[in-house]
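Working notes, beginning with the structure itself.
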Amino acid sequence: MNVPQFFPQGDQRNDALKHGAEFLAMLEDLIQALDQVAIAEGDSWLYHGHTISKKFFFHVHAAYALLPGVTIPGVGLDVLPFGSIFAIVRAAIETFVTFGHVYGAEDPDERYFRFLIWTAAGLNDRQSFNATTREAQEVIAAEALEIQRLLAEIQAHPRFQGLDKEARGRITGKRIEWRGAKSWAQLASESGIHSGYFQQLYGFLCSYSHASYLAVLQIGQAPPEKEREMAVSILMALNVFMCQFAVIYARLFPQAEKVLEPYRRTKAFNSWFRDKSFWDSWYGPEKP
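The opening position of the sequence shown corresponds to residue 1189 in the working numbering, with each subsequent residue numbered one higher.
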């Protein structure tokens, strides 16, 4: 199992970690820029973009917080849980892809349409939960009505009218599929991350989240210095995602765009923000 390519090596890792700390501060500044902003009537759906941004930030921060290692209470065992870091990084990049898909479209009308589908899909997932209290049952019942309202709005939307029969069925079927027929890698590509890079990184991270034999074997055999090397290498992948996330977020919220401007001029940001020419030079042009 190999760590995906073009991660920093040797002394470069120290600079990359410093850049990661700068990007964490950047995300915090971007998110806080909207904490006190009043949401205009009719734009409340945009606030969920702010909330999912916090989810992304929390995951990234948690992954970095584990890098120094932890001491297991009562045992006195010091460990670097690099497998846990990988699982958190996977959650972070899934959050990025979701944010990019729902809120990253250039057309505001498309963003809202995707938001409606994403919301309906999320509420629909909870319909299968086993509600054991009266309060929970009331929530499930109320959300069932909300799903029907959302589906009616979705089906009346011009974007829905332009979809083919299969795409419509994925939205209005028993399981509402907010991603449609697209893979995580395809959605990542639409959000500015090359699908080839994403597939390589995501597959590596999933092997730890799903407890594959190779992942367990590596945890059992990796010497301490190798554990840190792997953890740092994977954390550095987040530099790429944090920069791309910031660009999408700033495009969505004008207040955040002003905050991002000085960061975009830094050497650190320009070292990690990947444009199309960079991706194509490493992985070749994306397939249509």
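C-beta: ideal position from N, C-alpha, C; glycine also.
Worksheet item: Thr1454 lies in the beta strand (DSSP E); which residues open and close that run?
Response: First-last for Thr1454: undefined, no H or E at that position.
Practice prompt. Give a yes or no on whether the C-beta atoms belonging to Leu1304 and Ile1335 are separated by under 7 Å.
Written response: no
Discussion item. Just to check my reading of the structure: Leu1440 and Gly1237 have Cβ atoms closer than 8 Å, yes? What is that Cβ distance to the nearest angstrom?
Written reply: 6 Å
Worksheet item: How many Å lie between Ala1319 and Gln1325 at the Cα?
Response: 5 Å
Worksheet item: Hey, quick one: how far does the beta strand (DSSP E) through Val1258 stretch, first residue to last?
Response: Val1258 to Ile1260
Fill in: Asp1266 - partner residues in DSSP beta bridges
Checking the DSSP bridge columns, you'll see Asp1266 partnered with Thr1259.
Discussion item. Relative to the C-alpha of Ser1459, which candidate in Phe1429, Glu1474 and Ser1379 has its C-alpha closest?
Written reply: Phe1429
Worksheet entry | Through-space distance from Glu1415 to Phe1392, alpha-carbon basis | 15 Å
Worksheet item: If you draw a straight line from the alpha carbon of Cys1394 to that of Gln1388, how long is it in whole angstroms?
Response: 10 Å
Discussion item. Three Cβ pairs or more, each shorter than 8 Å: is that satisfied between the stretch 1287–1302 and the stretch 1341–1358?
Written reply: Flag = yes, the stretch 1287–1302 and the stretch 1341–1358 touch.
Worksheet entry | Where Ala1438 sits in the DSSP three-state scheme | helix
Worksheet item: Given that a residue counts as buried once 16 or more other Cβ atoms are within 10 Å of its Cβ, and exposed if not, what is Phe1195?
Response: Caution is warranted here: a pLDDT of 43 is assigned to Phe1195, below 50, making its placement in the model unreliable, and the coordinate value is therefore given only provisionally. Counting the other Cβ atoms within 10 Å of the Cβ of Phe1195 gives 16 or more, which makes it buried.
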